[in-house]
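Asker: Numbering (my numbering), first residue to last: 2 to 218.
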Ligand SMILES: N[C@@H](CCC(=O)N[C@@H](CS)C(=O)NCC(=O)O)C(=O)O
């Protein structure tokens, strides 16, 4: 399998974590931000990440569809057991939706500043500004305290749960943890202190999910 990603993409990092938890063998292709020709050729024109090339050659886009496909395999049942499928998918959708909507704004100024290539930095800014308006990335930096405050409200119940058990649905990680991890990986790639700024307990949690993914199965 091959996973095409940007290192800071929460959707790609969610899929990557699910692959790691599954113990899957795969390669990473770090898509060059400013040259997506190979990706467009592979997908027939889709240039978002993640994209998964499955072992049988099938090309799958959209992280939710990729996760559904991976979870459809027998070995993956424990990451979304039937009895919890509703709440686990709902939590993953909460991460991909309202929580991502705040946290990508928190991460974006640092992600922008990390592009070494001026063309890639400008393209990243253009992509954001065409959707959210001129100066949006600078505005998100100015508004970071407020954005983090709103995100903290959304994660507050999650922290209550994680004070009681290691993972969102118990002793073992599930798809829900992969989704939350994807967001924390985005923050960490942007600026490691952002994870702790959001909530100190989320840094040991982030490391716990990574340790679970490394643990022998
Ligand atoms: N709904 C898609 C969203 C994918 C997405 O928005 N990916 C972002 C990176 S996080 C992307 O590729 N953006 C294109 C760009 O920045 O040019 C999914 O879940 O896979």
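Each residue gets a CB set at the ideal place from its N, CA and C atoms; glycine is no exception.
Does the beta carbon of residue 12 fall short of 6 Å from some heavy atom of ligand 1?
Answerer: Indeed, a heavy atom of ligand 1 lies less than 6 Å from the Cβ.
Asker: Can you tell me whether DSSP reads residue 122 as helix, strand or coil?
Answerer: Helix.
Asker: Along the chain, which unbroken stretches of the alpha helix (DSSP H) at least 4 residues long are found entirely within the stretch 86-163?
Answerer: Complete alpha helix (DSSP H) runs here, min 4: 86-95, 101-115, 119-133, 137-143.
Asker: Per DSSP, what kind of secondary structure is residue 60 in: helix, strand or coil?
Answerer: In the structure shown, residue 60 sits in a strand (DSSP, three-state: E or B).
Asker: Could you check the C-alpha separation between residue 204 and residue 59 for me, to the nearest Å?
Answerer: Distance between the alpha carbons of residue 204 and residue 59: 35 Å.
Asker: State the beta-bridge partners of residue 30 as determined by DSSP.
Answerer: Answer is 5.
Asker: Which same chain residues, not among the five before or five after residue 183, have their C-beta less than 6 Å away from its C-beta?
Answerer: Excluding positions up to five away in sequence, the list reads 11, 14, 15.
Asker: Is residue 49 near ligand 1, judged by its Cβ being under 6 Å from some heavy atom?
Answerer: Under cutoff, so the answer is yes.
Asker: Nearest-angstrom Cα distance between residue 168 and residue 122?
Answerer: So the two alpha carbons sit approximately 36 Å from each other.
Asker: According to DSSP, simplified to helix, strand and coil, what is residue 181?
Answerer: Reduced to three states, the DSSP call for residue 181 is helix.
Asker: Residue 70 CB to nearest chain B CB: under 7 Å?
Answerer: Included in the structure is just one protein chain, with no chain B present.
Asker: Going straight from the alpha carbon of residue 57 to that of residue 47, what length do you get?
Answerer: If I take the Cα positions, the gap works out to 20 Å.
Asker: Out of curiosity, what's the CA-to-CA distance linking residue 142 and residue 125?
Answerer: Computed Cα separation, rounded: 15 Å.
Asker: How many angstroms separate the CA atom of residue 94 from the CA atom of residue 132?
Answerer: Whole-angstrom Cα-Cα distance: 22 Å.
Asker: Taking C-beta to C-beta, are residue 195 and residue 188 nearer than 7 Å?
Answerer: Yes, Cβ-Cβ distance for residue 195 and residue 188 is below 7 Å.
Asker: Can you check DSSP and say which residues form a bridge with residue 168?
Answerer: Its beta-bridge partners are 171.
Asker: Taking buried to mean at least 16 other C-beta atoms within 10 Å of its own C-beta, is residue 127 buried or exposed?
Answerer: So residue 127 counts as exposed.
Asker: Determine the direct distance from the alpha carbon of residue 67 to that of residue 192, and round the result to whole angstroms.
Answerer: Answer to the nearest angstrom: the Cα atoms are 27 Å apart.
Asker: Check whether the stretch 77-87 touches the stretch 105-119, counting contact only when three or more Cβ pairs, one atom from each stretch, lie closer than 8 Å.
Answerer: At 8 Å Cβ cutoff, the stretches do not touch.
Asker: Given a cut-off of 7 Å on the beta-carbon distance, is the pair residue 151 and residue 199 in contact?
Answerer: No; because the gap between Cβ atoms is not below 7 Å, this pair is not in contact.
Asker: Reducing DSSP to helix, strand and coil, say where residue 52 ends up.
Answerer: In the structure shown, residue 52 sits in a strand (DSSP, three-state: E or B).
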